[in-house]
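Protein chains in written order, with this note's numbering: chain R, 1 to 318; chain A, 319 to 636. Glycine included, C-beta positions come from ideal geometry on N, C-alpha and C. Following: one structure in C-alpha cells, then a few remarks.
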C-alpha cells in the first residue's frame, strides 16, 4: 500500500452485456461449435485482464465479485483462477467477495475454496489463493470463526459485513436492539472480539511473511496493529463511519458504494483514523465505465478515474 | 410429495475424506497424470450418485451444499450440474444451498446462476436449474427481492434464513429488538411480506407448470396457498417452531439439523400445521453415514435411515 500510495480496490464485477469494446469480438464468431458460455467467458476474461492492466498501478487490490463468475459455471471458475493469478503478478492483493456464511464444516469448505485449498485423500486440491474474503455474520460467531482461523493460518484476512451500502441495509442491520445500539453495532462488536483473539497489538508474531502481516507494503503490523478481521462498511452512509471506527479501532474497513452507488471519497476520512492502511475503497462500475462519462478510450478513462480516486484518498488520509 | 409420501430432503454435503467405500477407488490410481482435484471429483460424483440412487424413493428432494463442490473449482461446477440432472431424472426436486445475499445486480447474477441461467450477447448461458435456493437476508429486502422475482418467473422458490440450526444463531438472530421481538422474528415478517406480494391465496395464477406451483405433486397450491418464499428454521430449536409458524402461516419450512446436529423429527409437528407440504426435513450426515451406526452396506443403511425418517415425518404430519 505504501509503495503504491493507493487504497483503491478495483472491483471486477463484469456484466457480459457491458464489456469494453473489443471484449465483444467473440460475439460475432462464426464458429458455432463454441458454446455461448465459453464465448462469454473469453470475452469476460479479456475484458477483466485489460481492466487490470489499465489500472493496476493506481490500485492496491482487486475484488472479485464471485457471482459474476459463478453464473458461467465451470468456465467461470477457470476464469476466476486466471484473474487471481494475473492480479498477483500485477502486484495486487486479491479479495474474493462472496459474502459466505454457514455452519462450521461448510464454512471450512468455503474457506478452503477461497484461500489455500485443502488436503484430501486424493492429494492436495488448490484454492483460489485470496488474500481477503468477505463473510456474512448473520449466523453468528461460530459461522465466522472457521474463516478467521483459516485466514490467520496463512496470514490472510476476513472482511465481515457490518453495515452495507445498499438501501435495504436499513431493514435488518439498522434495527434497534433492546439492550441499546443497533444490529450493525453488535456485528461491529463481534468483529472487534474476533480480532482481539489474535493477541493484539500487532500481527507480526503469528502471521508469517504474508502480504497482510507486516512489512513495508503490508496491510497491518506496519500500521501499529491492524486486525486481520476487518469490516465491510458502506461508503453510502458516512454518518455511520465515525461510530464504526469507534467500535472497531483496529479493523481494516472495506468501503464499497463509491461512484455508481452514490458514495464520495471525501466523506471517508474516519475510516483512515488508525492509519492509511485502515481503509480500502472499492470501485467497480465507476472505473470500468469511466469512458461512458468522460469519453475516450476505456482503458485511458479507467486509469484516469482510478488515479483520481487514488490521489483523493491518499491526500485525505495523509 | 404426495406421490412419494415423503418430506425428506437428502443433503448432499460430501466430505472427500468420508466417502463410501468404493468412492475412494480413485485414490490408488496409478495414473499420475490425473490431478488430485479430478480424482477427488470423480470419487465425490460416484459417491453422490450412489447415494441418490440408494435413497431417492424415500425422498422428495436433494439439497446440494454448494461449498463442498466449490472447493473443487471448475470440476466441482461440472459435478454440480451432473448431480442436479441426475436428481431430476430420479424424480427429485433440487435445492441449491448457498445462502447467498448481496446487492441487486449481484443477487440477480446469483439467481441466474442457480435457477435458469441468463441471456447474454453471446447467447444463452445455462443455470443449475434449481427448484429452490437458500438466501441470507442480512442485507435486507432489496437483497432478497431479485431472488424472489427470479424464482417466481419460473415457478421456483426461495428459502430465507430465519432461525438457523447452529449454536451461533443465538448471537445475532436471537437478539432482542427495542420494538419487541427478536431479529429472527423480524426476518420471519420479511418472509411473510415477500410471500404476500404474490397475491395469495394460491400460486396457481402466476407460477406456470412448475413443480412448485400446484398440481398433485407440487409443493404449493395443492395445499391451499403455500407461499413461494419459504424459511430455513433449524430443527435444533423446536421451541421456536410454533412461533415461526404463527409468524409465517403459509411459508414452506426447510428444517435442517436433524441427526448429526441433534434435532428430532418428533419435535417438528408445528412445521406441518398448514399441511404436509409445508415442511421439508433435510438430513445429510445421518443418512450418508447411517452404516457407521447401524452397520451393513452403506446404501442399504442409508435407505433404511431415509425410510425411517420418511415414515416418522409422514405419520407425524398426517
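Between which two residues does the beta strand (DSSP E) harbouring residue 547(A) extend?
Your numbering for residue 547(A) matches position 229 in the second chain. Segment 547-551, the beta strand (DSSP E) holding residue 547(A).
Skipping 5 residues on each side, what residues in its chain have a beta carbon closer than 6 Å to that of residue 584(A)?
Locating residue 584(A) in the second chain gives position 266, counting from the first residue. Closer than 6 Å at the Cβ level, and outside the excluded window around residue 584(A), lies no residue.
Looking at the secondary structure, which residues open and close the beta strand (DSSP E) in which residue 418(A) lies?
Looking up residue 418(A) in the second chain gives position 100. Counting along the chain, the beta strand (DSSP E) containing residue 418(A) begins and ends at 411-418.
Give every residue of the same chain whose Cβ lies closer than 7 Å to the Cβ of residue 20(R), excluding the five residues on either side of it in the sequence, and list them in chain order.
Taking the first residue of the first chain as position 1, residue 20(R) is located at position 20. Cβ within range, chain order: 47, 50, 298.
At a Cβ threshold of 8 Å, is residue 103(R) touching chain A?
The count along the first chain starts at 1 and reaches residue 103(R) at position 103. Output row for residue 103(R): interface = yes.
If you count every other CB in all the chains shown that lies within 10 Å of the CB of residue 237(R), and 16 or more means buried, which is it?
Position 237 of the first chain, counted from the start, is the residue given in the question as residue 237(R). With 16 or more Cβ atoms within 10 Å of its Cβ, residue 237(R) is classed as buried.
Selection from 597(A), 596(A), 599(A), 623(A) that minimises the alpha carbon distance to residue 609(A):
Taking the first residue of the second chain as position 1, residue 609(A) is located at position 291. Minimum Cα distance to residue 609(A) is reached at 623(A).
Inter-residue spacing [alpha-carbon to alpha-carbon] between residue 481(A) and residue 56(R):
As a position in the second chain, residue 481(A) is number 163, starting the count at 1. As a position in the first chain, residue 56(R) is number 56, starting the count at 1. Each residue's Cα considered, the two are about 43 Å apart.
Alpha carbon to alpha carbon, how far is residue 274(R) from residue 249(R)?
The residue labelled residue 274(R) in the question sits at position 274 within the first chain. The residue labelled residue 249(R) in the question sits at position 249 within the first chain. Roughly 7 Å between the two C-alpha positions.
State the DSSP-derived secondary structure class of residue 259(R), mapped to helix, strand or coil.
Counting from 1 along the first chain, the entry for residue 259(R) is found at position 259. Correct three-state label for residue 259(R): coil.
Distance between beta carbons of residue 263(R) and residue 234(R), contact taken as under 8 Å
The residue given as residue 234(R) occupies position 234 in the first chain. The residue given as residue 263(R) occupies position 263 in the first chain. About 7 Å separates the two Cβ atoms, so the contact holds.
In chain A, what lies closer than 7 Å to residue 251(R) by C-beta?
Position 251 of the first chain holds residue 251(R). Those do not exist, as residue 251(R) stays about 18 Å from chain A at its closest Cβ, beyond 7 Å.
Rounded to whole angstroms, what's the CA-CA distance from residue 165(R) to residue 230(R)? Just pull it up for me.
To locate residue 165(R), count along the first chain from 1; it is residue 165. To locate residue 230(R), count along the first chain from 1; it is residue 230. Distance between the alpha carbons of residue 165(R) and residue 230(R) is about 16 Å.
Would you kindly work out how many angstroms separate the C-alpha atoms of residue 200(R) and residue 168(R), rounded to a whole number?
The residue given as residue 200(R) occupies position 200 in the first chain. The residue given as residue 168(R) occupies position 168 in the first chain. With a pLDDT of only 45 at residue 200(R), under the threshold of 50, the placement of this residue in the model should not be trusted, and no figure is reported.
Which residues in chain A have a C-beta closer than 7 Å to the C-beta of residue 112(R)? List them in chain order.
What you label residue 112(R) is simply residue 112 of the first chain in a count that begins at 1. Result: 389.
Does the beta carbon of residue 51(R) fall short of 7 Å from some heavy atom of the ligand ATP?
The model on display carries no ligand, and the ligand ATP is accordingly not part of it.
On the three-state DSSP scale, how would you describe residue 375(A)?
The residue labelled residue 375(A) in the question sits at position 57 within the second chain. Three-state result, residue 375(A): helix.
When you compare only the Cα positions, how much space is there between residue 59(R) and residue 187(R)?
Position 59 of the first chain, counting from 1, holds the residue named residue 59(R). Position 187 of the first chain, counting from 1, holds the residue named residue 187(R). About 29 Å.
For the region 130-182 of chain R, list the beta strand (DSSP E) runs that are entirely contained and at least 3 residues long, ordered along the chain.
132-135, 157-163
Quick one: is residue 619(A) buried, meaning 16 or more other Cβ sit within 10 Å of its Cβ, or exposed?
Numbered from its first residue, the second chain carries residue 619(A) at position 301. Residue 619(A) should be labelled buried.
In terms of alpha-carbon separation, which member of 10(R), 145(R), 140(R), 37(R) lies closest to residue 87(R)?
The count along the first chain starts at 1 and reaches residue 87(R) at position 87. Among 10(R), 145(R), 140(R), 37(R), the Cα nearest to that of residue 87(R) belongs to 10(R).
Closer than 9 Å by beta-carbon distance: list the chain R residues that pair up with residue 497(A), in chain order.
For this step, residue 497(A) is matched to residue 179 along the second chain. What residue 497(A) touches in chain R: 175, 176, 178.
Based on DSSP bridge pairs, tell me the residues matched to residue 281(R).
Locating residue 281(R) in the first chain gives position 281, counting from the first residue. For residue 281(R), which the question treats as bridged, DSSP gives the partners 8(R), 255(R).
Taking the beta strand (DSSP E) that residue 119(R) falls in, what are its first and last residues?
On the first chain, position 119 is the one that residue 119(R) refers to. Counting along the chain, the beta strand (DSSP E) containing residue 119(R) begins and ends at 118-120.
When you compare the CB of residue 457(A) with every CB in chain R, is at least one pair closer than 8 Å?
By one-based count along the second chain, residue 457(A) stands at place 139. Interface residue, yes.
If you follow the alpha helix (DSSP H) that residue 616(A) is part of, which residue opens it and which one closes it?
Counted from its first residue, the second chain places residue 616(A) at position 298. Counting along the chain, the alpha helix (DSSP H) containing residue 616(A) begins and ends at 616-634.
Check this for me: beta carbons of residue 125(R) and residue 360(A), under 8 Å apart or not?
Along the first chain, one-based indexing puts residue 125(R) at 125. Along the second chain, one-based indexing puts residue 360(A) at 42. No, the pair does not count as a contact, with Cβ atoms beyond the cut-off.
Of all Cβ atoms in chain A, is any one closer than 8 Å to the Cβ of residue 120(R)?
Within the first chain, residue 120(R) is the residue found at index 120, counting from 1. It does: the Cβ of residue 120(R) has a partner Cβ on chain A nearer than 8 Å.
Buried or exposed for residue 242(R), please, with buried defined as at least 16 other CB atoms from any protein chain shown within 10 angstroms of its CB.
The residue you call residue 242(R) lines up with position 242 of the first chain. Classification for residue 242(R): exposed.
Name, in chain order, the residues that DSSP records as bridge partners for residue 124(R).
Position 124 of the first chain holds residue 124(R). DSSP output for residue 124(R) lists 119(R) as bridge partner(s).
Exposed unless 16 or more other CB atoms sit within 10 angstroms - verdict on residue 394(A)
The residue labelled residue 394(A) in the question sits at position 76 within the second chain. Burial call: buried.
Chain-order list of residues whose beta-carbon lies under 6 Å from that of residue 108(R) (same chain, five-residue window excluded)
As a working mapping, residue 108(R) is identified with position 108 in the first chain. Closer than 6 Å at the Cβ level, and outside the excluded window around residue 108(R), lie 146.
Touch test, the region 428-447 of chain A against the region 141-159 of chain R, Cβ-Cβ under 8 Å, three pairs minimum:
no
Decide if the region 445-458 of chain A is in contact with the region 402-418 of chain A; the criterion is three or more beta carbon pairs, one per stretch, under 8 Å apart.
yes
Would you say residue 417(A) faces chain R, with C-beta separation under 8 Å as the test?
The residue given as residue 417(A) occupies position 99 in the second chain. Chain R, which has a Cβ nearer than 8 Å to the Cβ of residue 417(A), makes this yes.
Can you tell me which of 110(R), 18(R), 129(R) puts its alpha carbon nearest to the alpha carbon of residue 333(A)?
Translated into positions along the second chain, residue 333(A) becomes position 15. Residue 110(R) is the option with its Cα nearest to residue 333(A).
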